[in-house]
Amino acid sequence: MTIFSAAAAYALPPNLPKTAPFDFRPPQGERITLENGMIVYLMKDNTMPVVHLTAIIRTGKINDPVEKIGLGELTASLLKDGGTLKYKPEDIDKTLEYLAASVETSMGVEEARADMTVLKKDLDAVLDIYADVLMNPAFAEDKLKIKRDEALEMIRRRFDNPGQAATREALRAFYGAAHPYGWRTEEATIKAITTDDLKAYHANYYKPNNIIVAVAGDFGSKEELLEKLKSKFGTWPKGEVKFPAIPPVEIKEERRVFHIDKDISQAFIVMLQKGIKRHDPVEYALTVTNEILGGGSGLSSRLAAEIRSRRGLAYTTYSYSAKKPDYGYTLGYCGTKPETYSQALTEMIKQFKLIGEQPAPAEEVAMARDSIVNSFVFRFPTPFELISERAVYEYYGYKPDYLDNYVANVAKTDPAAVLDTAKRLYKPENAMIFVIGNSKKFDKPLSEFGPVTELKED
Amino acid sequence: MRFSLLLPCLMLFGQTAFAKGQLPPGATVEKDPKYPPVVSYTLKNGLKLLILEKHFVPTISFTMMFKVGNVDGQQGKTGLAHLFEHMAFKGTKTINSKGYAKEKAALAKVEEIARKLIAEESAAKPDAAKVEALRKAMAAAETEADKHIAKDEYLNLFKSLGEHGMNAMTSTDYTGYVTSLPSNRLESWMAIESDRFKNPVLREFYRERNVVMEERRMGESDPNRLMWETLVTNSFVAHPYQNPTIGWMDDLKRLTRTDAEEFYKTFYVPNNATLSVVGDVDPAEVIALAEKYFGGWQARELPPRTYTKEPPQKSERIVNVFFKAKPGLRIGFKNPGMDHPDIYPLIMASEVLSNGKTGRFYKNLVEGKQLALVAASSPSFPGNRYPSLMVVYAAPKAPHTSEELDAAIMAEIDKLKTEPPTQWELDKIINNYEAEMIKQLESNPGLGMSLAQNDRIMGDWRYDWNVGEELRKVKPEDISRAAAKYLTRDNRTAVFLQEPLK
């Protein structure tokens, strides 16, 4: 039992049972480094005859060459689909699907992944495919054409869902279309990508010393698993990885409004402010602050309470802060009918301001803290998710005891810390506002919120 | 080459023992190794409990499943099931209230004005001055009622307890309420949730109705949701599956708190519910606490659920929807219902078409002809309680059109009618089904939802496992026969999303 494992601080209505404190320490799992530099996290779990594995490869969409934005994503998507030296694409699909196994490769903003799920009995056969996919992709030309056409079609469709489009375009306007944090793929950058580009991209980043693997499941003993991994990956040589320099982020800290006119039932509003770099120690206080303002899975945040529950102006409204190597961002979101959009937006701005002006009641801060502390256990619902979390935090440069101290660090946050954090980070007067919606129905002109730049769906 | 799903299950739960507490008479433990060792118990009032122990992390996932959905609403009151679900987060006589006696009177005043306002707004020629006056009176009455509210206390209770994934979902068939908590909060859940379903107070009703209208507008802005709604509303002409679960906007404007209370009284009874509890629990303790907190919930007879049967379609329906988005396609074929033996070959037909990259749609339409960005299918939509639709959803890749893609999809389907699938295709599908059965056991909330839903809606929590047995019996020629019988032009509705005409 520890002081910071919290009992429910909220005053219970009469007749409800008292709750005991809840204390959870995530299990450690094991971490091994292979001779070629590949790091392996593992946790044995024989409750199901299944093995899960994920590899995190150090790269990401932000590493694409500017004239070939989309290269990383195309490379990742073709690792398996383009076949390998040993396996033809159709043989891979037939084998995996017959065995009900999956090998999936993908590219995120700051990480590449290669995931495998397999029934225990098929581990050897599927691991052999998985390893060849990671090490020896063949990038068949006809498969590249299909994936390239798919990427082009996705560009044509990128405004189909206006809620998603609003968030993406807002970030693009916020960081600038020329900065990797604001990039999106374009027809020209996709068309410029060749098979040789994919091969060169793979050759640079997909190296054992650039990969962290996490495995959990019914894989036999630790020694047996390591033997299997060594036999598949042991001959894969170490090598130097070249990373491009990412230019520093420049954020205009002044109110700007962007608008795309579209005749749809709701107006989608995204508000962006400068956020924090990844290892800023304010993150714990910021997590609590955001939980109060617009976070959490529930409807009890201030944004949800005021905009949704009290005034019925929205179904969806929330806020969050994203950390990045350079400055991240704080985002406020709301979907509301155009006839009342200004009321929702005004309320959102007001709430961002208020939390930095008036100390939050101690009870509200305690509740937000309890919510984070008591639900911490849900980050680890299965052994695989637990061991993956450990690997992910190493990948992003956190100290090995980050997860173990997380609860204690969150629990230190008091009303003064919330006030300081909100004061430091929330400056709604400088926020950038992005709206997709039908301006003919707006209850107030957007110009009342700041100088407006009109954009088109492009 | 086939493997058996069912043997490994033995080991999955082999360690389970009921040493902690003695199960009461009437509780049964599933002993057949084909299934997980679920403990079943039914309270005297009819509330069904399903409990499964899993101890990797100290958490519990709860699913309270009611057999009531939009299909059970009345014409003119579409969306009521879903709106009630929203209201079930607004507290009880003791939670969210500073004093219910006074609040009750204030809420009655709001309701009285609201009904007058709705009547005036619905008049053939509404009197603008009257409407305005009533709106003002309504706002004043709501402000008065607000004084008695302890805002969001219900949500805050769960937040402090450390809830995860607290949510609810309404479909045309069911309404489900889910949450997960750290495992030493079992009794808190029982205390709060029994109060929630026994004594709900539908405060802030008319604001929440506005929230639901926003939810509807959000859907109207999304071309995918628009296509699904258009498909369902055009496929069914008589059966209430035709109604969108979110409700028609015009109905939402006229729903009252009185309507929602009537709906609650009719359907929110213990004999219409299944509660599943999955995770780090002692089944005997779960049963004892359920008896303590839910035992006093009064059972009531449910109304008959016979609705107008959908007549045979006998016509092809083609609907063009104009919307600012790139083209898309939805096709619905009437299926015979989940209790009809033909459903199994039809499920297999759907899988032959769309299971994975070796499925025919992907292999021939996404690759092969390269017409499609995506093409997939599903055997039963929007519900399972009554005959429903086997659906195909697809999007073309420019310069190809939805019409070309539709023709190619129908050609794949026609081929299935004359050339039975290979044994390899069938084995692959069964292998995947069996693997899914294993993987679904990994997620506590997912498993809890599936147990509760299958029990309450399909009549047996073992339903998914039993379907696996039925699918294994399906022969290649059964699939061709089912395709020829159901996947026909005069049994289909096709919705084309088109860019607006210039």
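One line per chain: the protein sequences are B and S, in this order.
Residues -13 to 444 (the working numbering) make up the first sequence, in order.
Residues 6 to 507 (the working numbering) make up the second sequence, in order.
Just so you know, even glycine gets a beta-carbon here, dropped at the ideal spot from N, CA and C.
Backbone secondary structure at residue i - three-state DSSP
| i | result |
| --- | --- |
| Y269(S) | helix |
| S328(B) | helix |
| T148(S) | helix |
| A86(S) | helix |
| M(-13)(B) | A caution first: M(-13)(B) carries a pLDDT of 28, below 50, which makes its placement in the model unreliable, though a value can still be read off. If DSSP states are grouped into helix, strand and coil, M(-13)(B) belongs with coil. |
| G225(B) | coil |
| I115(B) | helix |
| F520(S) | Nothing can be reported for residue 520(S), as the shown portion of chain S is limited to 6 through 507. |
| L459(B) | Because chain B is modelled from -13 through 444, residue 459(B) falls outside the range shown and cannot be assessed. |
| P401(S) | strand |
| G170(S) | strand |
| M343(S) | coil |
| T61(B) | helix |
| A124(S) | helix |
| S407(S) | helix |
Cβ of residue i within 8 Å of any chain S Cβ
| i | result |
| --- | --- |
| Y84(B) | yes |
| Q337(B) | no |
| G321(B) | yes |
| Q14(B) | no |
| T368(B) | yes |
| S357(B) | yes |
| F10(B) | yes |
| N147(B) | yes |
Alpha-carbon to alpha-carbon, residue j and residue i
| i | j | result |
| --- | --- | --- |
| G388(S) | R497(S) | 17 Å |
| L340(B) | Y392(B) | 27 Å |
| T81(B) | K208(B) | 26 Å |
| P261(S) | A119(S) | The displayed chain sequence assigns Thr, not Pro, to residue 261(S). About 8 Å. |
| I(-11)(B) | V359(B) | Caution applies to I(-11)(B), whose pLDDT of 32 falls short of 50 and renders its modelled position unreliable; the model cannot decide the point. |
| E292(B) | G333(S) | 37 Å |
| Q259(B) | T40(B) | 33 Å |
| D406(B) | N276(B) | 13 Å |
| K130(S) | V438(B) | 41 Å |
| E443(B) | K323(B) | 20 Å |
| G225(B) | K214(B) | 22 Å |
| P341(S) | L394(S) | 8 Å |
Min CB distance residue i to chain B below 8 Å
| i | result |
| --- | --- |
| N340(S) | no |
| V216(S) | yes |
| D157(S) | yes |
| R190(S) | yes |
| H244(S) | no |
| D256(S) | no |
| N50(S) | no |
| V62(S) | yes |
| D227(S) | yes |
| G167(S) | yes |
| R494(S) | no |
| L160(S) | yes |
| F89(S) | no |
Neighbourhood of residue i by C-beta distance below 7 Å, restricted to the same chain and skipping five residues each side
| i | result |
| --- | --- |
| R355(B) | A(-8), V274, V396, A397, T399 |
| T97(S) | D200, R201, N204, P205, V206 |
| A403(B) | A271 |
| Y438(S) | G473, L476 |
Cβ shell of residue i (< 6 Å), same chain only, five flanking positions each side left out
| i | result |
| --- | --- |
| G314(B) | G261, I262, A308 |
| N161(S) | none |
| F229(B) | none |
| A380(S) | F366, L370, A399 |
| R17(B) | Y27 |
| I100(S) | E158, Y159 |
Residue i: CB within 7 Å of a non-hydrogen atom of the ligand HEM
| i | result |
| --- | --- |
| L456(S) | The ligand HEM is not among the ligands present in this structure, which contains no ligands whatsoever. |
Other residues of its chain near residue i: CB distance less than 8 Å, five sequence neighbours each side excluded
| i | result |
| --- | --- |
| F94(S) | Y159, L160, A173 |
| I235(S) | Before going on, a small fix: residue 235(S) reads as Thr here, not Ile. Closer than 8 Å at the Cβ level, and outside the excluded window around T235(S), lie V324, V326, R335, V500. |
| V89(B) | K66, I78, L82, A100, D101, M102, V112, I115, Y116, V119 |
Using a Cβ cut-off of 7 Å, which residues of the region 338 to 354 of chain B contact any Cβ in chain S, in chain order?
M353
When Cβ atoms are compared, which residues of the region 25 to 50 of chain S fall closer than 8 Å to chain B?
none
Going along the chain, which residues of the region 356 to 376 of chain S sit with their C-beta nearer than 8 Å to a C-beta in chain B?
N360, G361, K362, T363, V371, E372, Q375
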